[in-house]
Each structure stands twice: as C-alpha cells, then as structure tokens.
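The next block holds one structure in the form of structure tokens; read it before the comments.
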Amino acid sequence: MLIGICGGICAGKATVQQYLIEKHGFTPIKIPRIDVTPSVEKSASEAHVPSPVPTPQPLTYPDVNSLLDFVTANWQKPFVTTSIYSKEVAEILSRRPFFILLHIDAPISIRWQRFKTRCSETGLVPPSLESFVLRNDEHMYAANTNLAALASQAQIKILNTAVSLQHLHKSLDQLDLTDPTRLRPSWDYYFMLMASLAARRSNCMKRRVGCVLVRHSRVIATGYNGTPRNTLNCASGGCPRCNNSGSISGGASLSTCLCIHAEENALLEAGRERVGEGAVLYCTTCPCLTCSIKIVQVGITEVVYGEKYYMDAEAAKLFTQAGIRIRQFAAPETGLVDLGSTSVLDQEKMFNSMSLDHTQVMPNGHAAHS
C-alpha cells in the first residue's frame, strides 16, 4: 500500500504522515523537490519555514517513476509520501492498484494561525493573512502544478479542524485509513457500489433505490425504482402519489403508488429460475414488507442493505421466519470527512489566546498542527 498525502500548507499532511509511520509502521518515501520553495511556505522576510514534525529519514528517489518502480516491487509493504507536487505526479501513482490519494484541508484562517505558530517556533515573522491567502492561491492554482484539482481525485478528503493531536489520532483511528478494502473492495462493498450506481437511474420522486441480485459472486440482475416501462416517468409526473409528497407521509397510500420498487424490478428481470439457490440480494435501502414477501417467495438466501427503512422490524421478522439472513453493510468512509467539530471562530480564539508555551505539543515536543 502506498498512501499519497496532498493538501494546502499547514492542513496537516506531515502530522498524518507521522501518524501512519508511528501507529501503522509505514515507511516514508519521497521525491526531492526540484523547483524553488513555494512562497506560501516562507515567512514575511522570504525565509523558508521548516515543518516542525520530525520524520524518519525517508527513502528518496530521483523522480516519480523511480519511486513507483520501487514501491511496485514491494507493494505489500506500507509506504507513505507527501511528495505530491503536481497533478501529474498523482496521476502517475494512481495507475497502480495499491495507491490511495488522501487530500487534507482546513479553513484558510486556521491554516494561517498554524503557520503563525510555526513561524514563532523558529523566530520568524509570519506573513499577514492577506499575503498568506494570495500566496496560497498562487501555490494551489499554478498552471504547472494544478494542485487544487487533486481534491476531486482523492479517494479520501479530510477536513482537519482537530485542535489537539489526541483528537486527530482518535479520529484517524476511527477512519481506518489502512483498511484493505479501500484498495480493492470486498464483495459486499463491490455489489453495494453497483446497487448505488443502479439507484442513480431511478426516476422516483420519493427516494432513489438500487438493487443487485447475485449468485456465487456473479450478477444475475439489477433494478431501480420507478414507473413501469412505456409509462410516464415518476419524475415527469407519472406517479401522482410520489409527486404529492407534501400531503402524503412515508408509507401511506402505497396502494396508489405506480412505482415499481428496485427489488421488484430486479426479481422480475431475473425470474425464479435464474435466481436459484444461494442468491444474495443487495439493496441500498432495507426492503419494505411488500418486497420482502416476494424476496422470500423467489428463494433468496441472504439480504444485504445499506440504509434503514421504517419497516425494518417487520421485514426482519419475516426473513427470520423464512430462514433468510439479513444484515446491514457499512462501507469504509470516503468523501469529505470532518475530523473536528470546533468552529473556525473558536479555533481562532484558541490560537489568539495561547502563547507558545501553551501550544498543544506532540510527545517529541513538536506542535500538533503542521
């Protein structure tokens, strides 16, 4: 596994890298920066401001292709790098199945406060907030690096507003960055992703639902909810009940609904003969009681769902009676993950009120926010 960490200055890249090194035995690896130090990493007097987080001597390779060749030959070992100097570097590393791109960010006012603390620790005068913002924009939106585009490519995006190292580590423990299914989805994750993709085809105005029928890890059929074929789509007014959402609560007047549920569509597509023994139904939402009856009748062995539904208890009771296993699946957390709940204003007050002596420090004596 190779985790590449990118993001703005003082977002927490070095701290997260150090967490992976200390807590999970990752080996740091780097590419030397061949261009000049970005102005965003300099003090008001243009002096380079070093990172306060000490990193064990990293393995160094002259370019991204040399680094990639080495990690490819040793891909079962854990490596981490913050040498994501451009969009091109990230794209080259992303060719390999063992690479994960992690993007870390924080509100720019918080990052400026962290940078001021870093300057104070080295006896340097920090740039003004306005200067820091302009330097940051110059660095992130430079045409030759296109670093701002990396956030959209990252599998995991972290909003690091944690105010202490302990809080950050606890949040990272819960996030479980080293989960192997982040590299290669488990069968459950794989089929639930397919069900989620099927749900995007839904035209129901009430709720998007997707379903996948599987036997022996092979897809039999897929389905999503919406009005029957050759009729007006629900989203175009084809189902009066779904389009009258303001006066009808969930679960009411179901007998007047014209939409076919995702599970029903998948079962109709497959038919009893194709379902056979050992079939598993994956659905983005727990089946309703009406669908559950049909699931039992067609001979499904197991039901795996994502979100809960108000009929969960009734469906579970029926499945248990019929000898069908039912369980909820939770995929590893992806997308934007907020590691802290403290507001920007509260953090600014904290930074403004504390002296260097009161800075939250790491066990080795270095500041937590780097």
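For the sequence shown, the working numbering assigns the number 144 to the initial residue and increments by one for each residue that follows.
Even glycine gets a Cβ: it sits at the ideal position worked out from N, Cα and C.
- CA-CA distance, Tyr332 to Thr324, rounds to 8 Å.
- Out of Pro221, Pro270, Ile299, the CA that lies nearest to the CA of Lys166 is found in Pro221.
- Residue pairing by DSSP places Phe242 opposite Leu145 in a beta bridge.
- With contacts defined by Cβ atoms closer than 8 Å, Val179 and Ser186 do not form a contacting pair.
- For Gly369, the secondary structure class from DSSP, reduced to helix, strand or coil, is strand.
- Shown here for Asp248: same chain residues with a beta carbon closer than 8 Å to its own, the five before and five after excluded, namely Gly150, Gly151, Ala154, Ala294, Lys300, Ile301, Leu302, Asn303 in chain order.
- If you look at Thr260, you'll find it in the alpha helix (DSSP H) that goes 251–264.
- Gly421 is classed as exposed because its beta carbon has fewer than 16 other beta carbons within 10 Å across all chains shown.
- Restricted to the segment 292–367, the beta strand (DSSP E) segments that are unbroken, complete and at least 3 residues in length are 299–302, 353–358, 361–367, listed in chain order.
- DSSP places Cys385 within a helical segment (H, G or I) once states are collapsed to three.
- Per the coordinates, the alpha-carbon of Gly266 lies some 10 Å from the alpha-carbon of Thr260.
- The distance from the Cβ of Ser188 to that of Val268 is about 6 Å, consistent with a contact at the 8 Å cut-off.
- Contact annotation: Ile174 and Leu210 have beta-carbon atoms nearer than 8 Å.
- Look at the beta carbons and you see the segment 415–432 touching the segment 456–467: at least three pairs across the two are nearer than 8 Å.
- In the three-state DSSP reduction, Cys153 falls in the coil class, being neither helix nor strand.
- Ranked by Cα distance from His246, the options Glu184, Leu272, Val159 are led by Val159.
- Taking Cys347 as reference, the option from Arg358, Thr370, Phe334 with the minimal CA-CA separation is Thr370.
- At the C-beta level, Pro201 and Ile172 come within 8 Å of one another.
- Residue pairing of His167 in beta bridges, as defined by DSSP: absent, with no partner found.
- Taking a C-beta distance under 8 Å as the contact criterion, Val352 and Ala405 qualify as a contact pair.
- For secondary structure counted as the beta strand (DSSP E) over 3 or more consecutive residues, the segment 203–235 holds these complete runs in sequence order: 222–224.
- Secondary structure of Thr427 (DSSP, three-state): strand.
- A distance of 8 Å or more separates the beta carbons of Leu145 and Leu290.
- The Cβ atoms of Leu401 and Lys437 lie no closer than 8 Å to each other.
- In the DSSP annotation of this structure, the continuous segment of the alpha helix (DSSP H) that includes Leu411 starts and ends at 405–418.
- Annotation: Gly147 to Met335 spans about 26 Å, alpha carbon to alpha carbon.
- Taken atom to atom, the span from the alpha-carbon of Lys230 to that of Leu315 is near 25 Å.
- Checking the DSSP bridge columns, you'll see His191 partnered with Lys185.
- At a Cβ-Cβ threshold of 8 Å, Glu412 and Gly366 count as neighbours.
- Per the DSSP secondary-structure output, Arg468 pairs in a beta bridge with Glu445.
- One alpha carbon belongs to Arg343, the other to Ile467, and they sit about 28 Å apart.
- By the CB criterion at 8 Å, Arg358 and Gly419 fall inside the cutoff.
- Note that the C-beta distance between Tyr448 and Gln471 is below 8 Å.
- Per the DSSP secondary-structure output, Ile247 pairs in a beta bridge with Gly150, Ile301.
- By the beta-carbon neighbour count (other beta carbons within 10 angstroms, threshold 16), Gln309 is exposed.
- CA-CA distance, Ala474 to Phe169, rounds to 24 Å.
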